[in-house]
Amino acid sequence: MKYFSTNNPNHKVSLSEAVIKGLAPDNGLYMPERIPVLPKELIEKFSQMSFQEIGYAVIGALFSEDLSESQIRELVDHTLTFDAPLVEVEEDVYSLELFHGPTLAFKDFGARFCSKLMSMLVEKSSKTLRVLVATSGDTGSAVANGFLGVEGVEVIILFPKGKVSPLQEKQFTTLGQNITALEVDGVFDDCQTLVKQAFLDADLNKKLLLTSANSINIARWIPQCLYYFYAYSRLLKNGKKVVFAVPSGNFGNLGAGILAERMGLPVDHFVAATNVNKIVPDYLQGAGFQPQPSIQTVSNSMDVGNPSNFPRLGSLYRGDENVFREKVKGYFYDDEETVQAIQKVQPQGYTLDPHGAVGYLGLKEFRNEYPGYVGVFLETAHPGKFRDVVEEALGEKLILPERLAAFLEGEKKVIELGKSFEEFKEFLEGLD
């Protein structure tokens, strides 16, 4: 299997190069040249199969030309060590809980897969692999914990000062070992720009072996399709059409759902639900794709003004904007609406985090416009990760899971950085 750049379909590389480079030299994102379609009969059998068995089938279809059967099983077994249960919140409205991993966020799936695959691909390299990560919250903690202690790999995390929840910060600034945190005096988009500039800098790439573990990297992005297959296999459909509502910032998660649909998963529609950083909902309503400076909200992991995975969405729909806008509906919500959703759902016995609340609102709005669907919204992080917002909304204290509370005991260690590329480049050159 070859992987092409979204900026140039004729630029194709191997799996190893796509994973290690992360970003194409023309600033495009890598995509598989062929998307395998699973037999309908196999997808129907997924309801009798375990999460891991579904993983072997899906990852096998995507990677069997490059990895052995034993490597595929090792990758899946390393990734899927925790469940992703479906919880019924209301009639025909389900939460897909993706926060049962080590850092209690959906990105644990992709980060664990990515770290394992990278370690397989760089086993024979004499150079240290340096993983650059921009984060608005959960990516940093998931990648840091996924790569912690991996030999031959150093992780450098860039995060915007004062714009990540205190608990999220603790999850990646207290680890030490092969994890370094850079506190950038800017917003998430500044962090993301610095990372992209580093990948495109010829001098840096001659000296250092650089890669990314953001969802721009196919090794982080692709495995997220697994929980869509799993959720569908466990969903009580009663003959109704299925819609997935995805709280969205950089749009890797939604892209992974569309990848699953392209592979044969019978999902009828997707909902792209955002906060007031509504670049993609505006696009889906007929506007051009117009990146904007990001706006800070209570759902901070989605505070993205220039979604880096947007080109993948277009690629998955073969550049057909009409099909894209037909299959994906976009809605956005402000902080007040987000908090009200948390308050509304709590009496039903379910606690939403701010991102899950946005997904829930998107699903409800879609079902009001298009009745007769059974819907799943993605609950992407444990509400305890956004403790201040949720406790203020509900007027009561949250009980944190033990492994989440343990992070609060660590000492924050960061290196402060401005948002100029020259300063970042100087830091990276000092690592060599």
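In the numbering used here, the protein residues as written are 2 to 433.
Idealized CB from N, CA, C, for every residue including glycine.
Helix, strand or coil for residue i, going by three-state DSSP, please let me know.
| i | result |
| --- | --- |
| residue 195 | helix |
| residue 369 | helix |
| residue 216 | coil |
| residue 96 | strand |
| residue 351 | coil |
| residue 333 | strand |
| residue 6 | strand |
| residue 246 | strand |
| residue 380 | strand |
| residue 292 | coil |
| residue 255 | helix |
| residue 270 | strand |
| residue 13 | strand |
| residue 417 | strand |
Taking its Cβ as the centre, do 16 or more other Cβ atoms sit within 10 Å of residue i, making it buried, or is it exposed?
| i | result |
| --- | --- |
| residue 20 | buried |
| residue 8 | exposed |
| residue 10 | exposed |
| residue 94 | buried |
| residue 182 | buried |
| residue 178 | exposed |
| residue 400 | exposed |
| residue 251 | buried |
| residue 369 | exposed |
| residue 238 | exposed |
| residue 343 | buried |
| residue 77 | buried |
| residue 1 | Any answer about residue 1 is impossible in this case: the structure gives the chain only from 2 up to 433. |
| residue 266 | buried |
| residue 41 | exposed |
| residue 193 | buried |
Within its chain, find whatever has a CB closer than 6 Å to the CB of residue i; leave out the 5 residues flanking it on each side and keep chain order.
| i | result |
| --- | --- |
| residue 330 | 272 and 367 |
| residue 290 | 284 |
| residue 107 | 99 and 381 |
| residue 307 | 190 and 292 |
| residue 419 | 186 |
| residue 143 | 104, 106, 108, 109 and 112 |
Taking residue i as the reference, give the member of the options with the closest Cα.
| i | options | result |
| --- | --- | --- |
| residue 414 | 102, 170 and 130 | 170 |
| residue 149 | 127, 137, 109 and 128 | 109 |
| residue 191 | 299, 292 and 16 | 292 |
| residue 92 | 115, 364, 85 and 314 | 364 |
| residue 403 | 18, 385 and 80 | 385 |
| residue 244 | 406, 268 and 145 | 268 |
| residue 351 | 14, 59, 40 and 97 | 97 |
| residue 335 | 360, 220 and 347 | 360 |
| residue 287 | 323, 411 and 130 | 323 |
| residue 49 | 161, 184 and 232 | 232 |
| residue 174 | 151, 136 and 154 | 136 |
At a Cβ threshold of 8 Å, is residue i touching chain B?
| i | result |
| --- | --- |
| residue 31 | Judged by its chain identifiers, the structure shown contains no chain B, having just a single protein chain. |
Ignore the nearest five residues each way along the sequence and tell me which others in residue i's own chain have a CB closer than 7 Å to its CB.
| i | result |
| --- | --- |
| residue 47 | 55, 230 and 234 |
| residue 25 | 6, 8, 12 and 31 |
| residue 23 | 200, 212, 213, 217 and 218 |
| residue 429 | 199, 205 and 209 |
| residue 82 | none |
| residue 133 | 157, 196, 199, 211 and 213 |
| residue 140 | 108, 134 and 215 |
Our contact map puts residue i next to residue j with C-beta atoms below 8 Å; I'd like the distance itself, whole angstroms only.
| i | j | result |
| --- | --- | --- |
| residue 357 | residue 248 | 7 Å |
| residue 302 | residue 163 | Going by Cβ atoms, the distance from residue 302 to residue 163 rounds to 15 Å, so no, they are not a contact pair. |
| residue 377 | residue 227 | In fact, because the Cβ distance is near 14 Å, the residues do not count as touching under 8 Å. |
| residue 405 | residue 122 | About 32 Å; that fails the 8 Å criterion. |
Excluding five sequence neighbours on each side, which residues of the same chain lie with their C-beta closer than 8 Å to the C-beta of residue i?
| i | result |
| --- | --- |
| residue 398 | 392 |
| residue 332 | 272, 273, 274, 275, 282, 362, 363, 366 and 367 |
| residue 37 | 62, 63 and 264 |
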